[in-house]
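Going by this note's numbering, the first residue of the sequence shown is number 2, and it counts up by one from there. Below: one structure, written as structure tokens.
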Amino acid sequence: MNNLDEYLREAETAHGHLCAGQVLGVRLAMAGLSRLGIEDPRGADRKRLVTYVEIDRCATDAVMVVTGCRLGKRALKFRDWGKMAATFVDLQSGRAVRVAAKESSKEAARRLHPELESKNQQQMLAYREMPDGELFDFADVRVEVHAEDLPGYKGERIVCAECGEGINFHREIIRNGKMLCRGCAGENYYTRLS
Ligand SMILES: [Zn+2]
Ligand SMILES: [Zn+2]
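Written as structure tokens, this is what we have:
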């Protein structure tokens, strides 16, 4: 693993700016990986790791930098829970750890650096300095990563009986004996205008 400053430099480039969320995200991922004993997440250990993120904010970009887990590699899973937390799964050992930022960390940052004016400045500095135990709650957890969710999964691609579009990874829904995509099955997030 790189050190905090190296990761923060990379995170700044990847994310577009350095912010408290980047510091928190880098720390969160480093803490999770070190609990699992994953030392080279983007090199030798890159096939061992799947990461579940629970929020789509600044810290998520930083978690991606440290872990090397990407959506397009199927190693990053998004659960839209709005929580500053991530779970790191070691596919090799089957162990997993969920790391959640403590709700008290913001207040602790304010107490630690009252001399700084902006909250972002207070947090950027404090999140570098505070020990893991004050920033995060850790839980050993078990995550069942199903075969079709694993990186590198290869399976049959089927075609939706309604719209004719192809569907990968068993995301189809069977209704009245017909194989449908999620959109045609009624889970649409868009309304077709033309
Ligand atoms: Zn940011
Ligand atoms: Zn369809």
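From the three backbone atoms N, C-alpha and C, an ideal C-beta is built for every residue, glycine too.
Buried versus exposed call for residue i [16 or more other C-beta atoms within 10 Å across all chains shown]
| i | result |
| --- | --- |
| Cys196 | Residue 196 lies beyond the residue range present for the chain, which begins at 2 and ends at 195; the question has no answer from this structure. |
| Arg102 | Reading off the sequence shown, one finds Ala at residue 102, where the question assumed Arg. When all chains shown are included, Ala102 counts as buried. |
| Tyr191 | exposed |
| Arg99 | buried |
| Pro42 | buried |
| Ala140 | exposed |
| His16 | buried |
| Asp46 | buried |
| Ala148 | exposed |
| Ser106 | buried |
| Leu37 | buried |
| Tyr8 | buried |
Residue i versus the options, residue with shortest Cα-Cα distance
| i | options | result |
| --- | --- | --- |
| Leu151 | Gln93, Ile159, Asp138 | Gln93 |
| Leu77 | Gly95, Leu5, Thr61 | Thr61 |
| Ala32 | Ser106, Glu166, Glu149, Leu5 | Leu5 |
| Glu157 | Glu166, Val146, Phe170 | Phe170 |
| Trp82 | Arg96, Ser106, Ala63, Asp57 | Asp57 |
| Ser35 | Leu9, Ala97, Lys74 | Ala97 |
| Val146 | Ala12, Lys48, Ala63, Gly95 | Gly95 |
| Glu188 | Ser195, Gly153, Ile174, Gly178 | Ile174 |
Anticipated Cβ contact below 8 Å, residue i with residue j, distance rounded
| i | j | result |
| --- | --- | --- |
| Arg176 | Arg183 | Not confirmed; about 11 Å, so no contact. |
| Leu136 | Cys161 | 45 Å between Cβ atoms; not a contact. |
| Ala109 | Met85 | Their Cβ separation, rounded to whole angstroms, is 14 Å, which puts Ala109 and Met85 out of contact at 8 Å. |
>> For the pair the segment 78-93 and the segment 48-65, tell me if three or more CB-CB distances fall below 8 Å.
In response: yes
>> Three Cβ pairs or more, each shorter than 8 Å: is that satisfied between the segment 65-82 and the segment 23-38?
In response: yes
>> Going residue by residue through the segment 53-98, where are the continuous beta strand (DSSP E) segments of at least 3 residues, counting only ones entirely within it?
In response: 77-79, 86-91
>> Under 8 Å: do the segment 111-127 and the segment 14-22 share three or more Cβ pairs, one atom per stretch?
In response: yes
>> List, from N- to C-terminal side, the beta strand (DSSP E) runs of 3 residues or more that fit wholly inside the segment 134-159.
In response: 137-142
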